[in-house]
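In my numbering, the protein residues as written are -14 to 449.
Contents: one structure, followed by commentary.
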C-alpha cells in the first residue's frame, strides 16, 4: 500500500512537469505570435496609411474628375438640348422637304399624265419613238423622278410644240381599214389632221395608242376632200382641209350614214311616205308640163285680138287663137267665137261652160296633191309614235343603262317625222304654186271673155 502511494504521486507529478514544459513552449509560441502580430499590425498600419494616402489622393483626383464630369455633363446637356432642338428643326425641315418632294413628284406625275393624254391622241407620236416609255418612268409612284427625267419632260413638251406647227409629207407604215400594216404616203398637217394615200385611195388617219401607230379610219371621205388632198400631195395647191377638232368632224363625216341608211333607220313607215313622195313627184311633173302650155295669153296677142274683133275680122281672130291652141284662154275664146251672133245669154253660158271646163283642167290633180301633203306628216307622226313605243319597250326590257338599245326606236321616231315633213313641205309649196297659177289663168280667162263678149253678142258678131 505504502509503495503504491509514491508511485501514484510520481504519476501525478509527471504530467505537471510535462505541462510546465508545454506551457513554456506555448508562452514562447504566443510571444512569437505576438511579435508577429505586432509586426503584421505595423505593416498593416503602414499599408493602411499608404493606401489611405493613395485613396485620399485618388479621391481628390476623382472629386476633380467628378466636378469636371459634372461640368461636362452640364455642357453635354446643353449641347443635347441644342441638338434636340436642331433635330426637331431638321425633322420639320425634312418633313417639309418630303412634303415638297411629294408635291413636286405629284406635279411632275400630273404633268406627265396630261402629256400622256395629249400624246395618246397626237399624230406626232407616230414620228417620235420612246415617248411613252419615258412617261412610264415618270408615272412610277415607287420612285422619285430624276432631274434629267424632269428636264426630259420639258423637252418633250417643246418637241410636241415644234412638231405641231409642221406640215410633213413622208413615206411610212399605217394600219389599213382592213387591219393590216401597209406602206403608203402620209401627210400630217400639224396636230390637227393626217391623211394617207395608197394608189388611188385616200383616207383619214388617227393615232392608235394601243398599236403605237397611225390608224386609217374606215369609211369614205367626201369627194371634195379627196380631190383637195390629192392636189396638195401633188403640189398643185396650197390649201388643205383641216379639222381643228382633232378628227371629230372628219370622223362624223366619214361615219355619217348615207341617204339609204338614213331612210332605213326610220323603219317600214318610211316606205309609204316615200311612195307618197314619188306619186307627188309624178303629179307635179304633169302639172309643170301642163302649165308650160297654159301660160297667160300674150298681151300683144290680146290687143291684136280685140282690134280684129272690133273690125269684125272673125276668121283672122280664130286663126290667131288656133295658133295658141292648147292654151286655156285661147280655148275659152274659141268656144265663145263659135257662138258669135247669138244672144248675150247664150254667149255668156258658152263662156261659163268653157271656163268651168278649163278650170277643171287647171285644178286637175291639185286636190290629190293637197291630200298627199296632209297624209305625209301624219304618217311621219305615226312613225314617231311607233318609235316611241318601241323605245319604251326597250327601256322596259333592257333598262336605261345602254342608250344603244333605245337608238332604234329614237331613230324611227325622228326619221319618220323628218321624212314626212321633207315630203309634205315641198308638196304643199307646189300645191300653193299651182293653185295660184290656176287662179291667175282663170282670172285671165274671165277678163278676156268679158272683153270679147260685147263683140260676140247678137247683132255684133257678123262674120267676115
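By construction, the Cβ of each residue, glycine as well, lies at the ideal position given by its N, Cα and C atoms.
*Are the beta-carbon atoms belonging to residue 214 and residue 254 less than 7 Å from one another?*
no
*Proximity to residue 415 [Cα-Cα], best of 376, 357, 435, 370*: 357
*Excluding the 5 residues preceding and the 5 following residue 41 in the sequence, name in chain order all residues of the same chain whose CB lies nearer than 7 Å to its CB.*
none
*Label residue 17 either buried or exposed according to how many other C-beta atoms from any shown protein chain fall within 10 Å of its C-beta, with 16 as the threshold for buried.*
exposed
_Which residue wins for smallest C-alpha separation from residue 127, given the options 263, 90, 109?_
90
_For the pair the region 199 to 214 and the region 146 to 156, tell me if three or more CB-CB distances fall below 8 Å._
no
*Do you know how far the Cα of residue 257 is from the Cα of residue 337?*
40 Å
*Are the beta-carbon atoms belonging to residue 419 and residue 351 less than 7 Å from one another?*
yes
*So, using beta-carbon positions, are residue 134 and residue 124 closer together than 7 Å?*
no
*Around the C-beta of residue 107, are 16 or more other C-beta atoms found within 10 angstroms, so that it is buried, or is it exposed?*
buried
*Do residue 398 and residue 372 have their CB atoms nearer than 7 Å?*
yes
*Determine the DSSP secondary structure at residue 41, reduced to helix, strand or coil.*
helix
*Could you tell me the distance, in whole angstroms, from the CA atom of residue 181 to the CA atom of residue 189?*
6 Å
*asked:* Using a 10 Å radius around the Cβ and a threshold of 16 neighbouring Cβ atoms, would you call residue 109 buried or exposed?
replied: buried
*Start and end residues, beta strand (DSSP E) containing residue 158*: 152 to 160
*Would you mind reading off the limits of the alpha helix (DSSP H) that contains residue 315?*
313 to 322
_Sufficient close CB pairs (3 or more, under 8 Å) joining the region 162 to 176 to the region 76 to 96_ = no
*asked:* For residue 61 and residue 43, what's the separation of their Cα atoms in angstroms?
replied: 25 Å
*Over the uninterrupted alpha helix (DSSP H) stretch that includes residue 186, give me the two end residues.*
Unbroken run through residue 186 is the beta strand (DSSP E), 186 to 193; no alpha helix (DSSP H).
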